[in-house]
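Here is the structure we will look at.
2 protein chains.
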Amino acid sequence: MNAEIIAVGSELLTPYRMDTNSLYLTEQLNQLGVEVIFKSVVGDNLRRLVAAAQHALYRSDIVIFSGGLGPTEDDLTRETVADLLGRKLKLNVAILDGIKARFRSFNREMPDINVRQAMVPEGAEALNNPRGTAPGLWIEDSAHMIALLPGPPRELKPLFLEEVLPRVARRVSAVRMFHRELRVTGLGESAVDQRIQPVYKRFADVNTTVLASPGEVQIHLRMWTEDAQLAQKNFAEIEQGFEIALTDRIFSRDGASLEEVVARLLTLNKATISAAESCTGGLLAQRLTSIAGSSSYFLGGVVCYSNEMKTAWADVPKELIEAKGAVSAEVAVALAEGIRRRVGSTLGMGITGIAGPGGGSEEKPVGTVHIAVASGGETKARAVRFMGDRDMIRGQASQMALDLVRMHFLYNGSAKRG
Amino acid sequence: MNAEIIAVGSELLTPYRMDTNSLYLTEQLNQLGVEVIFKSVVGDNLRRLVAAAQHALYRSDIVIFSGGLGPTEDDLTRETVADLLGRKLKLNVAILDGIKARFRSFNREMPDINVRQAMVPEGAEALNNPRGTAPGLWIEDSAHMIALLPGPPRELKPLFLEEVLPRVARRVSAVRMFHRELRVTGLGESAVDQRIQPVYKRFADVNTTVLASPGEVQIHLRMWTEDAQLAQKNFAEIEQGFEIALTDRIFSRDGASLEEVVARLLTLNKATISAAESCTGGLLAQRLTSIAGSSSYFLGGVVCYSNEMKTAWADVPKELIEAKGAVSAEVAVALAEGIRRRVGSTLGMGITGIAGPGGGSEEKPVGTVHIAVASGGETKARAVRFMGDRDMIRGQASQMALDLVRMHFLYNGSAKRG
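Line order of the protein sequences matches chains B and A. Heads up: the first sequence begins at 1 in this note's numbering, then just goes up one per residue. Heads up: the second sequence begins at 419 in this note's numbering, then just goes up one per residue.
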């Protein structure tokens, strides 16, 4: 079975908004083994909406509309679909009462225009939407399943999950989509692809997608089958092959972010951490504390842009900065060791570098970053030169710092890897 | 004139990737007065690509394809467009030589399949793409302008800007889109809309769009006209009305982010800043240092999750924390004053709160945040309760902290507002 998504609303054709609902809808439909074969975005324009709906009904089994269910004359989805299917719109008194009650609960009278939201095509089911005034609509015949959903994601998502997905599931075959996601850091997209190609090429039934963002490569495995065991067996074999090809570069096997993996490792090892950051300006601390419950392992961090603060907060000797420069392996090490000692944490992180766009030199170009992790034993330091703009350099530096924490536990820690 | 954008590629129909190029293309086209009336995403499927291209050519003056120009048999855009227009594909030797040279520069031989990328429909112009192997293609007749562009944004954007936009500009009328963006903080979307509606309703020719994200509301004014003076006059009048309606809640009139506005104010006032953060975990420091050149005003920050670190780094008295609790106005004030004194900056920021999901109580529910700004004179503190998840609470708290800095300069500083 295949599906098509039509997002309705002129605001989605401006440079300021985009249809993100379709990603969610695609993910959910894929899991039922339904492939999304086309997506379109159409404004509040009757002629073009009719055309889009017509083509969709012609080529797709399932058509999902999002948006255009509001009370104003701009909102055309209801009328368009009813027209195309040759069904009359009728007032549904129960829906009208619900809308009126909703307005009353806000101490307001329902404006007359909202009556339009209670109009339902003959034979359509209204889908209860407690989070908004417009109900969803469901129309099903032997050839098609059609859902009309409100545009706001916080209304659309639960409505789809609770009301639409079960109705689709009843009709689709036993084929399901199985999915596995691996995440890799420290290797570029083409390097990852080159290494893993010999593995995934052997599995013609498994769809492999490699996606990159700065400091991270995601590998998505997807398989459509009725046979859960076969999917798991294939995934396990592929994963084994990937591990040989990528060694310790795989940090996540369940979609967890690197900060989540590090949070688990710290918790598992009952370890704590602190950070002294220069060029990342608090990004590492912010990522470490973005995880709920981070106060149990994150003890403290300092952002020491100036040399004075490096000395005041992390005891980096003034003479060391003068001798080696603020951006140097030695200062990264001193930051890591200093903050660890000051805070009394298991691990201490030090980052210093040049995020740009200014501040680079021939000897130390923009993108030069030194990262260190202190643990009481030997302090490990890495020197790198990252490519990209200020944001990308800072992002990659924080990613590598997190990866150094992961490597610490992988090779020195007591616990297994994340 | 109107335009339509077709994004080609099966990866854009997965839950993991979406077509973001169209936002950029829309923005650029809008500025020439060209409206985008339809967007679609189609996989690497000949039949559906033909249908999408057919409909687009039927209803739109300008059709922009992105993606599907690669060397493999999956890449169908070139062939499809040539077919639909009844033009033959011919090998372009100059392009082929360019592709071969590109491979040589990486010390590689060009694989045979890349010859496909040198095939050009009769009468089409090749658009030089120094950032990738596939050139763009431009086909123009009396009825249509058609551009075929590579999918990767870092190739598409410069190619569009340098090669496509000037060609479109030659043909469009003198109507241009004029745009003004105002940004507001500290008021919700509906409150903003309610206040400014009486103003913008008076200007029927100006399109007003209100968009919200946590802690921020953007107001976009757009007008399509030949008359630049008229647009500027309208915008000025509307802005004047908005200022009366929104008073000091407007922080940006040129699309600048709140951290950029604060950076400008600090620089203009030759002031420096430091931060002691608890619940925001470094987010405020990270935002302040995300701006190039921030080392001139950002002196240092501490992330003091634990009570010990609040005392050690910002001199918050132990007894104060015990008496009032770590999440209290008094501790926020002590953090701000302590970090300011320690660092010797003009301003000191203190943030303490409960970002959740755990840690809330009846008296201090999740979302409770105290923010203070110390300046040597009276320290200003704000108590708020933010709604949303951990990310939203942290985001809104950092936003309000930045806004307090802005307010400081607005009402106490020597310089004009940002």
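Note that the Cβ used here is the ideal one computed from N, Cα and C, for glycine as well. Bear in mind that the values here come from a model prediction, so they are computed numbers and not experimental data.
- Within the same chain, and ignoring the five residues on either side of residue 249 of chain B in sequence, the residues whose Cβ sits closer than 6 Å to its Cβ are 184, 186 and 187.
- Non-local beta-carbon contacts of residue 470 of chain A in its own chain, meaning distances under 8 Å to residues more than five positions away in sequence, involve 424, 458 and 460 in chain order.
- Between residue 337 of chain B and chain A, the shortest Cβ-Cβ separation is not below 8 Å.
- Secondary structure note for residue 66 of chain B: its beta strand (DSSP E) is the uninterrupted segment 62 to 66.
- Residue 772 of chain A is positioned such that its CB atom lies closer than 8 Å to that of residue 745 of chain A.
- Ranked by Cα distance from residue 383 of chain B, the first of B:396, B:347 and B:377 is B:396.
- Not a single CB atom of chain B sits nearer than 8 Å to the CB of residue 788 of chain A.
- Distance between residue 206 of chain B and residue 133 of chain B, taken at the CA atoms: about 42 Å.
- Interface annotation, residue 42 of chain B: in contact with chain A, CB-CB separation under 8 Å.
- Against chain B, the beta carbon of residue 723 of chain A has neighbours under 8 Å at 289, 294, 295, 298, 299 and 300, listed in chain order.
- Contact note: residue 197 of chain B does not reach chain A at a C-beta cutoff of 7 Å; the least C-beta distance is about 14 Å.
- Sorting B:219, B:130 and B:251 by C-alpha distance to the C-alpha of residue 410 of chain B places B:251 at the top.
- By the rule that beta-carbons nearer than 8 Å mark a contact, residue 36 of chain B touches chain A.
- Residue 544 of chain A and residue 482 of chain A do not touch by the CB rule: their CB atoms are close to 16 Å apart, not below 8 Å.
- Residue pairing by DSSP places residue 133 of chain B in no beta bridge whatsoever.
- Residues of the region 420 to 436 of chain A with a Cβ closer than 7 Å to any Cβ of chain B, in chain order: 429, 431, 432, 433, 434, 435 and 436.
- For residue 51 of chain B, a Cβ of chain A is located within less than 8 Å of the residue's own Cβ.
- Note that the C-beta distance between residue 150 of chain B and residue 265 of chain B is not below 8 Å.
- Looking at the DSSP output, residue 670 of chain A bridges to A:601.
- Taking 8 Å as the CB threshold, residue 27 of chain B lines the interface with chain A.
- Contact check for residue 717 of chain A against residue 306 of chain B passes: the beta carbons are separated by less than 8 Å.
- At least one CB atom of chain A sits nearer than 8 Å to the CB of residue 39 of chain B.
- Using beta-carbon distances, residue 797 of chain A does not count as an interface residue toward chain B, since no partner is under 8 Å.
- Exposed is the label assigned to residue 377 of chain B, since fewer than 16 other Cβ atoms lie within 10 Å of its Cβ.
- In this structure, residue 175 of chain B lies near residue 226 of chain B, with their beta-carbon atoms less than 8 Å apart.
- Under the 10 Å beta carbon count, residue 650 of chain A is surrounded by fewer than 16 other beta carbons and is classified as exposed.
- Here residue 509 of chain A is exposed, its C-beta having fewer than 16 other C-beta atoms within 10 Å.
- Rounded to whole angstroms, the separation of the alpha carbons of residue 783 of chain A and residue 803 of chain A is 8 Å.
- Assignment of beta-bridge partners to residue 145 of chain B by DSSP yields B:62 and B:140.
- Residue 21 of chain B is outside the set of residues whose beta carbon lies under 8 Å from a beta carbon in chain A.
- With fewer than 16 other Cβ atoms from the protein chains shown falling within 10 Å of its own Cβ, residue 515 of chain A counts as exposed.
- Sorting A:818, A:700, A:706 and A:626 by C-alpha distance to the C-alpha of residue 685 of chain A places A:706 at the top.
- Under the DSSP assignment, residue 277 of chain B falls in the beta strand (DSSP E) whose first and last residues are 273 to 277.
- Where residue 647 of chain A is concerned, there is no enclosing beta strand (DSSP E), although the alpha helix (DSSP H) around it starts and stops at 646 to 664.
- By the CB criterion at 8 Å, residue 588 of chain A and residue 699 of chain A fall outside the cutoff.
- Residue 587 of chain A: member of the alpha helix (DSSP H) spanning 583 to 589, first to last residue.
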